[in-house]
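This report refers to the structure that appears directly beneath it.
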Amino acid sequence: PKVKVGDMVRCEAEGFIYPFRGYVEHVYNHSAIIRIENTMECDKWTAKSKENLAVVRLVDIELINDK
2 PKVKVGDMVR CEAEGFIYPF RGYVEHVYNH SAIIRIENTM ECDKWTAKSK
52 ENLAVVRLVD IELINDK
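Using this note's numbering, read the sequence shown as starting at 2 and increasing by one per residue.
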């Protein structure tokens with residue numbers, strides 16, 4: 002897998018207008034659970050309603066930092 006738990010990532014997910022930044026919590030075969038760290042102002046309510054967690058397809062995830 003290209004991402005692992007703890008990685009900081011930038012991703013797009015359904016329901017969000019803009020990409021957001023977060024940390025990988027769990028990795029599945031084709032998706033990952035992301036703890037949302039930072040969103041655009043207009044997406045803040047969406048993030049809050051999902052308790053700052055999002056399921057994102059691996060193809061929609063971009064690694065930000067390479068530890």
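The beta-carbon is built from N, C-alpha and C at its ideal position, and this holds for glycine as well.
Since this is a predicted model, take the numbers as computed values, not measurements.
Under a Cβ-count criterion, where at least 16 other Cβ atoms within 10 Å of its own Cβ denotes burial, should C43 be classed as buried or exposed?
The sequence position of residue 43 within the sequence shown is 42, counting from 1. Looking at its Cβ environment, which holds fewer than 16 other Cβ atoms inside 10 Å, C43 is exposed.
How would you write the range of the alpha helix (DSSP H) that A48 sits in, first residue to last?
Against the sequence shown, residue 48 aligns to sequence position 47. From DSSP, the alpha helix (DSSP H) with A48 extends over K45 to S50.
So, are the CB atoms of N39 and R58 less than 9 Å apart?
For the purposes of this step, residue 39 is taken as residue 38 along the sequence shown, with counting starting at 1. For the purposes of this step, residue 58 is taken as residue 57 along the sequence shown, with counting starting at 1. No, these two residues do not count as a Cβ contact at 9 Å.
On the CB-based measure, 16 or more other CB atoms within 10 Å of its CB, does I18 come out buried or exposed?
Position 17 of the sequence shown holds residue 18. With fewer than 16 other Cβ atoms within 10 Å, it is exposed.
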